[in-house]
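Read the structure below first, then the notes.
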Amino acid sequence: MYSPLTYHYSRDPDHQYVWMVGVERERPNGVVSGLTYFSNSFGQPSAYAYVGQRLTDFSDWNRLYAQWTAGLIYGYKPPFDDKVPLNYRGFSPGLVLTVGWQLTPTLSTQVNVLGNSALMFQLSAVVP
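The opening residue of the sequence shown carries number 26 in this note's numbering; numbering runs sequentially from there.
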């Protein structure tokens, strides 16, 4: 997975370019687990380890899916440690809500809701 673009809801002079790369495994029952490495909104190297669920077959559009993940974020260090809730020495809980579209059997695109801060646009490919 790769994200080249993140849109912040507010303008902050401290915001920097955000990118993300990662790996995710989806089981046949829709359970997902993964790890991402990203540059956070303040240019700090960060990571997110998570588990969650991909939801399909809830719409007449069979390519539409929703997903939620919850996990542990690392990387928001001083002076930006107060930018995520419950941060302790760079570690904080994370929750990401997603709406996606399966373009082909091996390629999808999605929009990740990053709390009350931003939208992240992502492209994912299945690697055999």
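Quick reminder that beta carbons are idealized off the backbone N, C-alpha and C, glycines included.
Quiz prompt | Selected residue, minimal CA-CA separation from M26, among V46, Y62, F63 | solution = V46
Quiz item: Which one or two residues does DSSP pair with S66 in a beta bridge?
Solution: In DSSP, S66 forms no bridge with anything.
Quiz item: Cβ atoms of T123 and Y90: under 9 Å apart, would you say?
Solution: yes
Practice problem: Below 8 Å CB to CB, which residues in the same chain sit around F116 once its five sequence neighbours on both sides are set aside? | Solution: L97, I98, Y99
Self-check item: Residues that DSSP places opposite N141 in a beta bridge
Solution: None; N141 has no bridge partner.
Practice problem: Please go through the same chain and pick out, in chain order, the residues whose beta-carbon is closer than 7 Å to the beta-carbon of R88, but skip the five residues on each side of it. | Solution: W126, Q127
Exercise. Measure the alpha-carbon distance for Q69 versus F146 and round it to whole angstroms.
Key: 19 Å
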